[in-house]
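Participant: This is the structure, below, for whatever I ask next.
Residue numbers (our numbering), protein chains in the order written: chain A, 8 to 316; chain B, 2 to 289.
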């Protein structure tokens, strides 16, 4: 646990200071989607890997967080921390409302239920025009401020650092929670559900807690999406997003929060950066990455070790 | 009576749409039943047919026939490829399969759209199919009526193969109890591979037949995949008869529903899907 947190701190420092020193501003801006998609991927990784509840619908709390942030920002609430708390709460509330339905299912059924929920929310985002702006989406969202009365974050490097800090904090909290008794209870529910029930544990309650946590993470990701692109539309939150997030988590090594983030960075780099050299073929490269990963890295990126343990 | 009369045309449209979906989704439900494979590349197999139609249909019957043969064969090859690539992943669960099939769908979609050009492509069917006929005081598009006839014939033939042939019996047995099938001397993996090839061929065939309904384009693979998943789930995983009923219901929601309740219809499919799953998932099942 301590080693994990130290690694996390070192990586955060690296991302905060070393990466901007090496990369140009434009390249930094292209890394930004990794933060927005990374947090829902972390949630999926925890739900699927630790709690044994695979989901294909994290686009839904992501959408709820993103639209909540966009509406608040347009109403004048541009302070970062307030937006983040609101978005996390919105995502968590969505998970609380839909959780009782989801946590009863397992395996492929859970995938399908969450898929249906995700599509319902994406449909609502496209059709509830008075609130969401319909398929045109919500544009003209003012830039975020670090604190009350602070100056708006407009330059790429400052914005990038804001995204890194928020992601690192959320990831740190996730790792702490996984190390707590709740994390162990979730692993127990995944491996020996009947035994856990027999021992008197409320498996459904633990799973609901994990689902709500993942919803809050996805909501946070939605807030970062709005901060990063000052715009949100139904195209950002549909089946494509939900599946990309799940696959990034699988790519990273399911069950590892840091791996999920690494998987998302890899997905975004391949889709946006490499494809910039071969325009229009982002999907091809991404598909090749997924296919190669299935065979070459059965346990994900985090299974790569420099030294054999 | 007036209500039925006024909505007869969209209702018939819905039957055509539903039967098309059934032909497209039959392979998906059987692949799930026999091999427990969640095939996210299924929509891409449908678009293989659609792009064949766009490339080969030139307004003549010969072109359409050529497209039907080429689209079916190409999608069957796609199904065989899926069978070969998913075979080593059998023990690794749904997620590895999802990663692989989604990756293949991305690659296939990219190759198809860069070969044919982006955007939605027009498909030139023979002129006789583009018109409409007057039946019982209503004008019906000929293509939809022909689609109903062909898809119903395909569904009937499929039912015959499943219930009256040895191959069909093996498929049904593998859905029910793969271990018993293997005890009886048939490798369930071969049955599953055969189902993927046949299901791919059907999806490709549906892609050609249905080109005027869901044509070849960048979004059609996802549309077909999602609608097929709804059909598969509503019909009960692995059940062909259930899939038929569900497909026609989905078709009606997509056509009649949009006419009768335009505000509600878009939500209805996925709400029904979630509802069906919740009702069936009272006991925790298998893990992914």
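Glycine included, C-beta positions come from ideal geometry on N, C-alpha and C.
Buried or exposed for residue 108/B, please, with buried defined as at least 16 other CB atoms from any protein chain shown within 10 angstroms of its CB.
Facilitator: Residue 108/B should be labelled buried.
Participant: With C-beta atoms as the reference, is residue 119/A less than 9 Å away from residue 283/A?
Facilitator: Against a cut-off of 9 Å, the Cβ pair of residue 283/A and residue 119/A comes out as no contact.
Participant: According to DSSP, simplified to helix, strand and coil, what is residue 225/B?
Facilitator: Reduced to three states, the DSSP call for residue 225/B is helix.
Participant: Can you check whether the C-beta of residue 268/B is within less than 9 Å of a C-beta belonging to chain A?
Facilitator: So yes, residue 268/B belongs to the interface.
Participant: Kindly list, in the order they appear in chain A, the residues whose Cβ is closer than 9 Å to that of residue 93/B.
Facilitator: Those are 301 and 305, listed as they occur along chain A.
Participant: Can you round the beta-carbon distance between residue 228/A and residue 46/A to whole angstroms, since I take them to be within the 8 Å contact cut?
Facilitator: Their Cβ separation, rounded to whole angstroms, is 4 Å, which keeps residue 228/A and residue 46/A in contact under 8 Å.
Participant: Taking the continuous beta strand (DSSP E) assigned at residue 133/B, which residues delimit it?
Facilitator: Looking at the DSSP string, the run of the beta strand (DSSP E) that includes residue 133/B is 133–136.
Participant: Determine the extent of the alpha helix (DSSP H) in which residue 95/B is found, giving its start and end residues.
Facilitator: Segment 94–117, the alpha helix (DSSP H) holding residue 95/B.
Participant: Counting only runs that start and end within the region 174–255 of chain A, where is the alpha helix (DSSP H) found for 4 or more residues in a row?
Facilitator: As far as the region 174–255 of chain A is concerned, its whole alpha helix (DSSP H) runs of at least 4 residues are 188–198, 200–205 and 210–236.
Participant: Just mark residue 1/B as buried or exposed, buried being the case when its beta carbon has 16 or more other beta carbons within 10 Å.
Facilitator: Examination of residue 1/B is not possible in this model, given that chain B is present from 2 through 289 alone.
Participant: Determine the DSSP secondary structure at residue 284/B, reduced to helix, strand or coil.
Facilitator: Because residue 284/B sits at a pLDDT of 46, beneath the cut-off of 50, its placement in the model cannot be relied upon, and the following sentence gives the value as read from the coordinates. Residue 284/B falls in the coil class under three-state DSSP.
Participant: Between 277/B, 281/B, 278/B and 272/B, which has its C-alpha nearest residue 131/A's C-alpha?
Facilitator: Of the listed residues, the one whose Cα sits closest to residue 131/A is 272/B.
Participant: Return yes when the Cβ of residue 78/A is within less than 9 Å of the Cβ of residue 128/A, no when it is not.
Facilitator: Cβ atoms of residue 128/A and residue 78/A: not closer than 9 Å.
Participant: Helix, strand or coil for residue 269/B? Go by DSSP, reduced to three states.
Facilitator: Residue state, collapsed to three classes: helix.
Participant: Nearest to residue 163/B by alpha carbon, out of 147/B, 239/B, 186/B and 127/B?
Facilitator: The residue with the shortest Cα to Cα distance from residue 163/B is 239/B.
Participant: What three-state label does DSSP hand residue 152/A in the structure shown?
Facilitator: Residue 152/A falls in the strand class under three-state DSSP.
Participant: Any residues in the region 115–128 of chain A with a beta carbon nearer than 8 Å to a beta carbon of chain E? Which ones, in chain order?
Facilitator: Absent from the structure: chain E. Protein chains present are A and B.
Participant: Expressed to the nearest angstrom, what Euclidean distance is found between the alpha-carbon atoms of residue 260/B and residue 166/B?
Facilitator: If you take the alpha carbons of residue 260/B and residue 166/B, they lie about 42 Å apart.
Participant: From residue 94/B to residue 221/A, what does the alpha carbon distance come to, in whole angstroms?
Facilitator: Using only the alpha carbons, I get a separation of about 22 Å.
Participant: Can you tell me whether residue 141/B is helix, strand or coil according to DSSP?
Facilitator: Residue state, collapsed to three classes: strand.
Participant: Taking buried to mean at least 16 other C-beta atoms within 10 Å of its own C-beta, is residue 203/A buried or exposed?
Facilitator: Buried: at least 16 other Cβ atoms inside 10 Å.
Participant: Give me the residue from 285/A, 134/A and 244/A with the minimum Cα distance to residue 265/B.
Facilitator: Nearest option by C-alpha distance: 134/A.
Participant: Write down every uninterrupted run of the alpha helix (DSSP H) in the region 95–179 of chain A whose length is 4 residues or greater and which is fully enclosed by it, in chain order.
Facilitator: Here the runs fully enclosed are 114–134 and 136–139.
Participant: Counting only Cβ-Cβ distances shorter than 9 Å, please list the residues of the region 278–297 of chain A near chain B, keeping chain order.
Facilitator: Residues passing the 9 Å Cβ filter: 287, 288, 289, 290, 291, 292, 293, 294, 295, 296 and 297.
Participant: Compute the Euclidean distance between the alpha carbons of residue 287/B and residue 33/A, then round it to the nearest angstrom.
Facilitator: Below a pLDDT of 50, predicted positions are generally treated as unreliable, and residue 287/B, at 40, falls in that range; the measurement from the model is reported next regardless. Cα to Cα, the separation comes out at about 46 Å.
Participant: Does residue 177/B come out as helix, strand or coil in the three-state DSSP assignment?
Facilitator: Of the three classes helix, strand and coil, the one that applies to residue 177/B here is helix, per DSSP.
Participant: Less than 9 Å between CB atoms is the rule here; does residue 265/A satisfy it with respect to chain B?
Facilitator: Output row for residue 265/A: interface = no.
Participant: Please name the residue in 277/B, 278/B, 276/B and 244/B whose C-alpha comes closest to that of residue 28/B.
Facilitator: Cα-wise, what sits closest to residue 28/B is 244/B.
Participant: So, residue 42/A versus residue 270/A, is the Cβ gap smaller than 9 Å?
Facilitator: No, these two residues do not count as a Cβ contact at 9 Å.
Participant: The alpha helix (DSSP H) spanning residue 53/B covers which residue range?
Facilitator: Note, residue 53/B: alpha helix (DSSP H), 43–57.
Participant: Note down, in chain order, every chain B residue with its Cβ under 9 Å from the Cβ of residue 44/A.
Facilitator: Those do not exist, as residue 44/A stays about 15 Å from chain B at its closest Cβ, beyond 9 Å.
Participant: Please compile the residues from chain B whose C-beta is within a distance smaller than 9 Å of the C-beta of residue 254/A.
Facilitator: Here the neighbours are 96, 99, 100, 103 and 104.
Participant: Would you list the residues sitting across from residue 125/B in a DSSP beta bridge?
Facilitator: In DSSP, residue 125/B forms a bridge with 59/B.
Participant: If we cut at 9 Å on Cβ distances, does residue 271/B have a partner in chain A?
Facilitator: It does; some Cβ of chain A falls within 9 Å.
Participant: To the nearest angstrom, how far is it from the Cα of residue 232/A to the Cα of residue 237/B?
Facilitator: Their Cα atoms are separated by approximately 37 Å.
Participant: What does the Cβ neighbour count give for residue 161/B, buried or exposed, with the cut at 16 atoms within 10 Å?
Facilitator: It is exposed - the Cβ of residue 161/B has fewer than 16 other Cβ atoms within 10 Å.
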